[in-house]
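Participant: My questions will all concern the structure given below.
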Ligand code: DI6
Ligand code: FE
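Residue numbers (the numbering used here): 2 to 405.
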């Protein structure tokens with residue numbers, strides 16, 4: 002006897018990163034997992050006898066719950082003033098070098114109470130969930146001292162309890178150089194490796210470790226030191242790679258067997274080939290490309306040609322992508338980066354789960370996987386990427402429990 006049976010649903014199962022659609026399908030849920038998926042005609046008996054609860058979805062589409070695999074959504078304050086400055090000609094890099102940018106958010110975050118941080122972040126997370134997100138990755142990186150980095154990660158974990166979303170946390174201590182270490186980047190990396198990483202690992206606060214490898218942040222050599230320490234502590238790595246310039250970040254990430262390399266606007270073919278070899282997912286962040294008015298596109302055709310799985314995420318953060326809509330990210334992935342709507346949806350489900358190391362349990366509609374589901378008022382799955390500003394979410398389930 003299943004706990005729940007959804008019938009009269011069209012399913013975009015996203016198996017193998019394709020729609021792999023099943024029309025007139027059904028899904029059985031037991032113990033929070035998907036127990037059965039298939040055409041309703043193939044159900045092993047009359048619906049009423051199979052589950053304690055039965056719900057007809059009247060021909061709506063069901064997809065896996067969306068996975069936003071790259072966000073910085075815990076922070077205080079905002080950067081609307083910086084947005085104005087950029088619109089009158091200042092660049093993101095210039096603002097960062099003048100002590101604004103990420104460091105202005107660091108000041109606001111250090112000053113904010115846990116309660117305030119959690120309230121502001123929960124509002125952003127609920128916006129994502131309103132559009133079918135059931136799993137979200139959240140990075141630290143606006144504390145840049147041990148206490149505040151750990152506070153950010155604790156708040157991120159707390160958000161899971163507050164909202165019912167599944168939260169995966171990433172330690173991003175190497176996001177920017179804090180003012181107290183100005184001119185001493187190697188000393189700061191000593192702190193990240195010698196104090197922050199061991200403390201974060203001992204407290205079990207991070208599922209992965211990230212760094213910003215960029216000329217305004219940390220060099221490949223400094224990034225490698227962080228990755229060596231993370232690997233020694235048994236934590237998987239991922240990297241903000243080649244966003245503003247080609248520092249060889251994608252290849253560096255691949256060398257460490259990274260789960261993912263992200264942004265990639267300036268990645269050359271050799272970096273993509275290394276990712277293919279290592280099984281590293283390419284995480285595309287069209288919101289940041291759009292909001293920074295970038296012109297250099299990530300090498301999508303090359304990524305596709307090498308068979309590297311592409312994920313799509315919001316990069317929700319106050320400076321380069323104040324975006325709380327996965328559906329808009331899907332639209333932008335298509336219009337700006339030329340993904341197909343099918344690739345975009347795979348990037349928000351199957352491949353996003355892979356980017357978080359959750360491929361075995363999340364991201365597709367398959368028996369045995371966690372029953373994270375989204376039901377949509379649409380006629381074709383391509384509509385999810387097509388309609389701008391629409392929200393066709395009808396219902397969402399996290400672990401088989403209805404959330405929206
Ligand atoms: N790249 C980004 O796009 C975000 N972090 C990063 O390393 C931006 C973070 C910010 O501007 O606050
Ligand atoms: Fe980011």
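Virtual Cβ for every residue (Gly too), placed ideally from N, Cα, C.
#1: Leaving out the 5 sequence neighbours to the left and right, which residues in its chain are closer than 6 angstroms to residue 169 when beta-carbon positions are compared?
#2: From this set, 279, 27, 74, which residue's C-alpha is nearest residue 60's C-alpha?
#3: Kindly confirm or deny that the segment 307 to 321 and the segment 20 to 38 touch, where touching means at least three C-beta pairs closer than 8 angstroms.
#4: If we count the other Cβ atoms within 10 Å of its Cβ and call it buried at 16 or more, is residue 133 buried or exposed?
#5: Given the structure, does residue 140 come close to the ligand FE, in the sense that its CB is under 8 angstroms from one of the ligand's heavy atoms?
#6: By how many angstroms is the C-alpha of residue 5 removed from the C-alpha of residue 54?
#7: Along the chain, where does the alpha helix (DSSP H) that runs through residue 171 open and close?
#8: Is it true that the CB of residue 74 sits closer than 9 angstroms to the CB of residue 145?
#9: For the ligand FE, any of its heavy atoms closer than 8 angstroms to the Cβ of residue 220?
#10: Give the DSSP-derived three-state secondary structure of residue 352 in the structure shown.
#11: How about residue 376 and residue 62: do their beta carbons lie closer than 9 angstroms?
#12: What residues match up with residue 28 in a beta bridge as DSSP calls it?
#13: Which full runs of the alpha helix (DSSP H) of 4+ residues lie inside the segment 320 to 351, going along the chain?
#14: Could you check the C-alpha separation between residue 122 and residue 316 for me, to the nearest Å?
#15: For residue 187, count neighbouring C-beta atoms within 10 Å of its own C-beta (all shown protein chains included) and say buried if the count is 16 or more, exposed if not.
#16: To the nearest whole angstrom, what separates the beta carbons of residue 94 and residue 217, a pair I think is in contact under 8 angstroms?
#17: Is the segment 237 to 246 close to the segment 259 to 273, with three or more CB pairs under 8 angstroms?
#18: Mind pulling the beta strand (DSSP E) runs of 3 or more residues that sit fully within the segment 213 to 280?
#19: Return helix, strand or coil for residue 153, following the three-state DSSP convention.
#20: Please list the segments of the beta strand (DSSP E) lying wholly inside the segment 44 to 72, counting only runs of 3 or more residues, in order along the chain.
#21: Given this structure, state the Cα-to-Cα distance separating residue 341 from residue 261, to the nearest angstrom.
#22: Nearest to residue 58 by alpha carbon, out of 12, 77, 212, 366?
#23: Residue 305 by DSSP, collapsed to three states: which one?
#24: Since residue 375 sits in a beta bridge, which residues does DSSP pair it with?
#25: Look up residue 12 in the DSSP assignment and give the residues it is bridged to.
#26: Which of the three DSSP states is assigned to residue 185 in this structure?
#27: Give me the Cβ distance between residue 83 and residue 103, rounded to the nearest whole Å; I'm assuming they're in contact under 8 angstroms.
#28: On the three-state DSSP scale, how would you describe residue 366?
#29: Helix, strand or coil for residue 75 per DSSP?
#30: Pull up the DSSP beta-bridge partners for residue 311, would you.
#31: Per the DSSP calculation, residue 209 is bridged to which residue(s)?
#32: Quick one: what's got a C-beta closer than 7 angstroms to residue 197's C-beta in the same chain, skipping five residues either side?
Facilitator: Concretely, from the data shown:
#1: 138, 208, 357
#2: 27
#3: no
#4: buried
#5: yes
#6: 5 angstroms
#7: Unbroken run through residue 171 is the beta strand (DSSP E), 167 to 175; no alpha helix (DSSP H).
#8: no
#9: no
#10: helix
#11: yes
#12: 7, 38
#13: 327 to 336, 342 to 348
#14: 14 angstroms
#15: exposed
#16: 5 angstroms
#17: yes
#18: 239 to 242, 261 to 264
#19: helix
#20: 52 to 57, 62 to 65, 67 to 69
#21: 21 angstroms
#22: 12
#23: helix
#24: 64, 397
#25: 23, 63
#26: coil
#27: Wrong, their Cβ atoms sit about 10 angstroms apart, outside the cutoff.
#28: coil
#29: coil
#30: 283
#31: 171
#32: 147, 150, 174
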